[in-house]
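Below you'll find the structure, written out as structure tokens, and then a few comments.
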Amino acid sequence: MSLYGGFRNVFKLNTPMIAPRQIPGAQAIRRYLFGRTLVSAAHPATLIGNQVRASVIDLSNSGKLTLAGVKEDEFVLYPAFFTLKEQISLLDHGLRKLDSVLGLPREVKKRRKVLPPLKPESAQSVSDLFLPDDCYQFEEGHFDGVIHGYRECHVSNWPEEVHPLLDRIIALMPGGQFSHESSIKPAIQSHLLHLSIDGEILPHVDNVEASGRVIVGVSLGSTRILRLQKASTQTEQPNPPEWIDILLESGSVYVQRDTVRYQFQHSIPRASAIPFRGQALPDGQRLSIMIRDLR
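Taking our numbering, the leading residue of the sequence shown gets 66, the next gets one more, and so forth.
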């Protein structure tokens with residue numbers, strides 16, 4: 066399988082359970098990667114001059130990296146899956162849940178008291194809901210050394226008003242056999258990960274023993290890059306290194322499973338750490354909602 070042929074299949078934006086028109090807020094649900102250009106099957110003539118609107122995948126450093134053996138449903142990306150209003154609702158409830166579960170030190174509470182109250186209903190952007198970094202208690206390092214500058218918790222129950230949004234996320238699980246009500250059962254697990262402005266996830270391969278086959282991730286807040294790099298030994302690494310960058314904008318959702326999780330290292334650097342298509346990304350906090358099946 067060639068690189069471009071592989072990504073034409075692997076990054077096909079679709080789901081076997083739900084027709085594109087049935088997914089509210091989704092834009093260009095079916096897209097295919099031809100060469101280095103994303104073309105929307107829903108709007109194949111959406112052009113600016115002779116150029117297709119900005120892509121969410123950068124192959125400029127992919128070299129000879131191939132996806133031989135990767136099936137078309139092992140990485141699926143849904144750009145703009147949630148509207149701004151829906152993003153604000155999910156982010157507001159996610160941040161409140163983290164505060165409730167983790168608690169806040171006294172000094173952090175004091176800092177928050179001098180800030181004007183946040184009103185989600187008046188927010189003009191998702192970033193309006195984030196407080197300054199020092200108004201949270203971020204952990205410096207994860208126990209496995211992979212995550213830095215973060216807060217996280219598992220969530221066994223969500224407010225009823227966001228159930229319809231969560232149902233849409235869970236419906237993307239392969240087979241669509243889950244509903245929100247099953248999210249509190251051992252079959253699947255929901256997880257919140259809040260990254261500070263400096264927060265990052267270093268290159269890693271998911272632990273096969275600690276999780277199942279599939280993870281669905283919702284991105285809220287700062288746009289970040291998801292970098293995929295073939296997992297191999299140091300002696301096998303190409304020179305120069307080869308990787309593929311995927312833009313995770315706020316409101317996007319991705320489904321990652323099987324080979325892509327266990328045979329490719331994936332990382333999410335600080336926004337300004339690496340450019341995307343030569344353009345620097347503005348720094349900012351990011352909250353992700355992750356739903357995974359369990360072994």
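Yeah, the Cβ is synthetic: ideal placement off N, Cα and C, and Gly gets one too.
Identify, in the order they occur along the chain, each residue of the same chain with its Cβ nearer than 7 angstroms to the Cβ of leucine 260, setting aside the five sequence neighbours on each side.
One-based indexing of the sequence shown puts residue 260 at position 195. The answer, listed in chain order, is Gly214, Tyr215, Gln350 and Arg351.
Return yes when the Cβ of leucine 167 is within less than 8 angstroms of the Cβ of leucine 194, no when it is not.
Working through the sequence shown from its first residue, we reach residue 194 at position 129. Working through the sequence shown from its first residue, we reach residue 167 at position 102. Contact flag unset, no.
In angstroms, rounded to a whole number, what distance separates the CA positions of isoleucine 234 and phenylalanine 140?
Within the sequence shown, residue 234 is the residue found at index 169, counting from 1. Within the sequence shown, residue 140 is the residue found at index 75, counting from 1. Cα to Cα, the separation comes out at about 15 angstroms.
Taking contact to mean 3 or more Cβ pairs, one atom from each stretch, closer than 8 angstroms, check whether the stretch 320 to 330 and the stretch 283 to 298 are in contact.
Between the stretch 320 to 330 and the stretch 283 to 298 there are three or more C-beta pairs closer than 8 angstroms, enough to call the two in contact.
Helix or strand or just coil, what does DSSP make of proline 268?
Residue mapping note: residue 268 aligns to position 203 of the sequence shown, counting from 1. DSSP, reduced to helix, strand and coil, places proline 268 within a strand of the structure shown.
For glutamate 151 and glutamate 226, what's the separation of their Cα atoms in angstroms?
Numbered from its first residue, the sequence shown carries residue 151 at position 86. Numbered from its first residue, the sequence shown carries residue 226 at position 161. If you take the alpha carbons of glutamate 151 and glutamate 226, they lie about 11 angstroms apart.
Is the beta carbon of leucine 313 sitting closer than 8 angstroms to the one on tyrosine 319?
Against the sequence shown, residue 313 aligns to sequence position 248. Against the sequence shown, residue 319 aligns to sequence position 254. Against a cut-off of 8 angstroms, the Cβ pair of tyrosine 319 and leucine 313 comes out as a contact.
Pairwise C-alpha distance: asparagine 222 and alanine 252
Position 187 of the sequence shown, counting from 1, holds the residue named residue 252. Position 157 of the sequence shown, counting from 1, holds the residue named residue 222. Straight across, the Cα-Cα distance linking alanine 252 with asparagine 222 is about 14 angstroms.
Drop a sphere of 10 angstroms on the beta-carbon of glutamine 344, count the other beta-carbons inside from all chains shown, and report buried for 16 or more, exposed for fewer.
One-based indexing of the sequence shown puts residue 344 at position 279. By the neighbour-count rule (16 or more Cβ atoms within 10 Å), glutamine 344 is not buried but exposed.
First and last residue of the alpha helix (DSSP H) that includes glutamate 151?
The sequence position of residue 151 within the sequence shown is 86, counting from 1. Here the alpha helix (DSSP H) through glutamate 151 covers 149 to 167.
Of the choices Val179, Val121 and His228, whose alpha-carbon is the least far from that of proline 144?
Mapped onto the sequence shown, residue 144 falls at position 79. Nearest of Val179, Val121 and His228 to proline 144, Cα basis: Val121.
Alpha-carbon to alpha-carbon, arginine 177 and aspartate 138:
Taking the first residue of the sequence shown as position 1, residue 138 is located at position 73. Taking the first residue of the sequence shown as position 1, residue 177 is located at position 112. Going from the Cα of aspartate 138 to the Cα of arginine 177 covers about 44 angstroms.
Suppose the cutoff is 6 angstroms on Cβ atoms and the five residues either side in sequence are ignored; what does the same chain contact list for glutamine 321 look like?
The residue labelled residue 321 in the question sits at position 256 within the sequence shown. If we look at glutamine 321 and ignore the five residues flanking it on each side, its Cβ neighbours are Phe140 and Ile280.
Taking all protein chains shown into account, decide if histidine 158 is buried (16 or more other Cβ within 10 angstroms of its Cβ) or exposed.
Against the sequence shown, residue 158 aligns to sequence position 93. Under this definition histidine 158 is a buried residue.
Bridge partners for leucine 291 per DSSP, in chain order?
Position 226 of the sequence shown, counting from 1, holds the residue named residue 291. BP columns for leucine 291 point to Ile311.
In terms of alpha-carbon separation, which member of Glu172, Gln202, Ile153 and Arg171 lies closest to leucine 183?
As a first step, residue 183 must be located in the sequence shown, where it is residue number 118. Taking only the C-alpha atoms, the option nearest leucine 183 is Ile153.
Look up glycine 282 in the DSSP assignment and give the residues it is bridged to.
Within the sequence shown, residue 282 is the residue found at index 217, counting from 1. Partner residues in the beta bridge of glycine 282, as assigned by DSSP, are Tyr319 and Met355.
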